[in-house]
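Asker:
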DNA sequence: CCGACAAGTCAGCGTTCGATGACTTGAAAG
DNA sequence: CTTTCAAGTCATCGAACGCTGACTTGTCGG
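Protein chains in written order, with full-length UniProt numbering: chain A, 1 to 192; chain B, 1 to 192.
Now the structure itself:
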């Protein structure tokens with residue numbers, strides 16, 4: 001492995017930027033911070049990405065892919081695990097959506113968040129909901145997941161911060177069933 | 001009324017700072033921005049508040065008071081109206097908690113948010129919940145309210161952004177009843 | 001009308017920001 | 001070993017940042 005490796009350096013910059021932007025937001029992060037974490041000169045950021053803004057765009061563009069497969073009745077449980085209990089160390093310990101909210105003063109970031117929330121969560125939930133206001137029900141359930149993620153990781157509310165996915169399972173089951181109008185399961189493999 | 005009024009100028013600075021901090025977050029707001037909005041020189045901020053940080057503290061310290069009175073069964077409905085449907089123009093159109101999340105990279109802001117969420121929402125809901133995990137249920141319901149506020153105002157999800165309090169009432173009733181383990185009403189004065 | 005004092009302004013400090021262009025250095029090819 | 005070219009660094013720019021001390025100006029009591 002050569003000591004001067006364009007792709008490796010680019011990747012280190014992306015990694016460092018992802019962490020900084022997630023933890024401290026866009027404005028509080030400087031290009032010198034990122035370059036320092038990556039162990040290179042800040043100039044390379046402009047060489048490789050053009051500007052701080054474009055680096056941010058590239059970091060927030062490649063959000064991790066969708067949800068694991070599984071039965072419909074466990075979709076909300078899988079979503080909760082994906083949002084809250086997944087290992088998000090690469091994003092400073094929080095779901096990238098929650099982390100990106102820190103930069104939500106920028107319209108670009110807001111649009112990206114909306115697209116992500118709507119395309120991967122609301123859309124999937126709408127197909128499961130019953131009744132005339134399926135869209136609203138789907139969004140209300142998405143709001144719950146987002147709120148749990150925020151209260152757990154940003155606000156660090158005591159009970160939620162220490163709760164496990166299994167602790168939340170019965171309540172997931174109750175709320176998801178109530179909002180979607182059909183029986184849902186709170187944890188993978190639970191029988192009743 | 002004199003043209004040079006210390007208290008009035010101080011109040012204008014606080015008002016301008018509240019809006020800027022809420023809309024754009026702490027880091028993206030400069031003292032010159034605030035002073036410009038207030039129509040005075042930026043130096044007065046340091047004269048009256050000592051530093052930008054202390055101005056932020058003072059702005060976020062006087063969060064609006066609690067909830068309107070009413071029957072227990074409508075507490076969640078009142079909370080939803082307070083969080084989401086109140087007139088928050090003084091805070092850039094969003095609940096101050098949601099707005100303050102933009103500055104959540106700063107630990108002080110996080111602590112303030114936690115205190116506010118726990119003291120005024122979780123505490124009140126815990127007293128209503130049934131069962132052994134009342135604290136967790138109360139936090140899960142608070143998470144829902146926070147999530148609705150965020151999806152509605154920050155993410156601007158389509159159905160929620162256009163929904164009225166009455167549209168949400170039946171779902172508030174269903175979710176609140178499910179989480180608290182006792183019958184709740186979704187809208188003030190609803191009989192069914 | 002006139003000092004006196006507070007309210008408000010001005011010029012500028014030192015630092016850091018994003019960004020640029022000229023430069024140096026490492027490694028692969030001949 | 002030398003040439004060559006990309007990878008990486010350095011010096012620095014102009015602007016904006018938070019903040020300070022000296023200054024000006026409005027509004028009083030006398």
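Ideal Cβ placement from N, Cα and C applies to all residues, glycine included.
Kindly confirm or deny that the segment 96 to 112 of chain B and the segment 91 to 109 of chain A touch, where touching means at least three C-beta pairs closer than 8 Å.
Answerer: yes
Asker: So the alpha helix (DSSP H) residue 9 of chain A belongs to, where does it begin and stop?
Answerer: For residue 9 of chain A, the enclosing alpha helix (DSSP H) begins and ends at 6 to 24.
Asker: So within the segment 96 to 144 of chain A, which uninterrupted alpha helix (DSSP H) runs reach at least 4 residues, ignoring any that extend past its ends?
Answerer: With a minimum length of 4 residues, the unbroken runs of alpha helix (DSSP H) contained wholly in the segment 96 to 144 of chain A fall at 96 to 101, 107 to 116, 123 to 126.
Asker: Sorted by chain position, which residues of the same chain lie with C-beta nearer than 7 Å to residue 18 of chain B's C-beta, five sequence neighbours on each side aside?
Answerer: 59, 90, 91
Asker: Quick one: what does DSSP say residue 72 of chain B is sitting in, helix, strand or coil?
Answerer: helix
Asker: Under a three-way DSSP split, which group does residue 87 of chain B fall into?
Answerer: coil
Asker: Once the 5 residues before and after residue 122 of chain A are set aside, which same chain residues still bring their CB inside 7 Å of it?
Answerer: For residue 122 of chain A, where only same-chain residues beyond five positions count, the Cβ hits under 7 Å are 138, 139, 142.
Asker: Can you find a CB in chain A that lies within less than 9 Å of the CB of residue 137 of chain B?
Answerer: At least one chain A Cβ lies under 9 Å of residue 137 of chain B.
Asker: If we count Cβ pairs, one from each stretch, closer than 8 Å, do we get three or more for the segment 175 to 187 of chain A versus the segment 165 to 176 of chain B?
Answerer: yes
Asker: With 9 Å as the threshold, decide whether the Cβ of residue 55 of chain A is near any Cβ in chain B.
Answerer: no
Asker: What do you reckon, are the CB atoms on residue 38 of chain B and residue 9 of chain B nearer than 9 Å?
Answerer: yes
Asker: Take residue 85 of chain B as the anchor and find which of B:162, B:7, B:6 has the nearest alpha-carbon.
Answerer: B:162
Asker: Per DSSP, what kind of secondary structure is residue 157 of chain A in: helix, strand or coil?
Answerer: Annotated three-state conformation of residue 157 of chain A is coil, per DSSP.
Asker: So, do the segment 144 to 153 of chain B and the segment 76 to 84 of chain B have three or more beta carbon pairs nearer to each other than 8 Å?
Answerer: yes
Asker: Output the distance between the C-alpha atoms of residue 192 of chain B and residue 68 of chain B, rounded to the nearest integer angstrom.
Answerer: Caution is warranted here: a pLDDT of 43 is assigned to residue 192 of chain B, below 50, making its placement in the model unreliable, and no coordinate value can be reported.
Asker: Count the other C-beta atoms from every protein chain shown that fall within 10 angstroms of the C-beta of residue 159 of chain B, then say buried if there are 16 or more, exposed otherwise.
Answerer: buried
Asker: Kindly say whether residue 186 of chain B, judged by its beta-carbon, lies nearer than 9 Å to any beta-carbon of chain A.
Answerer: no
Asker: If the criterion is Cβ atoms closer than 9 Å, does the pair residue 16 of chain A and residue 42 of chain A meet it?
Answerer: no
Asker: Starting from the beta carbon of residue 24 of chain A, find every residue of chain B whose beta carbon is closer than 7 Å, and list them in chain order.
Answerer: By Cβ distance, chain B contributes 105.
Asker: So what does DSSP say about residue 149 of chain A, is it helix, strand or coil?
Answerer: helix
Asker: Any C-beta of chain A sitting closer than 9 Å to the C-beta of residue 51 of chain B?
Answerer: Taking a beta-carbon distance threshold of 9 Å, residue 51 of chain B does not count as an interface residue toward chain A.
Asker: Where do the ends of the alpha helix (DSSP H) carrying residue 195 of chain B lie?
Answerer: Outside the shown range of chain B (1 to 192) lies residue 195 of chain B, about which nothing can therefore be said.
Asker: Measure the beta-carbon distance from residue 136 of chain A to residue 113 of chain A and round it to whole angstroms, keeping in mind my assumption that it falls under 8 Å.
Answerer: 19 Å between Cβ atoms; not a contact.
Asker: Measure the Cβ-Cβ separation of residue 109 of chain A and residue 186 of chain A and say whether it is below 9 Å.
Answerer: no
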